[in-house]
Ligand SMILES: [Zn+2]
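In this note's numbering, the protein residues as written are 3 to 65.
The structure is reproduced here in structure tokens:
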């Protein structure tokens, strides 16, 4: 989603490739061209999935 000078509007819906959360800013690019993510946490999760971890366990984000 982008913000126009006149107000708010949804330009396009971009969802996190991991959790499906709607991304309002430019998002976080994943490694290996796997898409956009909402946070570094989801990027790390996807990296573990790519590394073959079936059920990644990550600490909850603190921010
Ligand atoms: Zn996410």
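Built from N, CA and C at the ideal position, the CB exists for glycine as well.
Between the options, which has its C-alpha nearest residue i's C-alpha?
i: residue 61; options: 54, 52, 42; result: 42
i: residue 27; options: 36, 20, 14; result: 14
i: residue 63; options: 50, 48, 22, 44; result: 44
i: residue 32; options: 49, 57, 58, 56; result: 49
Who are the near neighbours of residue i in its chain, counting only those whose CB is closer than 7 Å to its CB and skipping five residues on each side?
i: residue 34; result: 52
i: residue 25; result: 16, 17, 18, 38, 40
Using a Cβ-Cβ cutoff of less than 8 Å, which residues in the same chain neighbour residue i once the five nearest sequence positions on both sides are dropped?
i: residue 29; result: 16, 18, 38, 39, 40
Does the beta-carbon of residue i have 16 or more other beta-carbons within 10 angstroms, so that it is buried, or is it exposed?
i: residue 54; result: exposed
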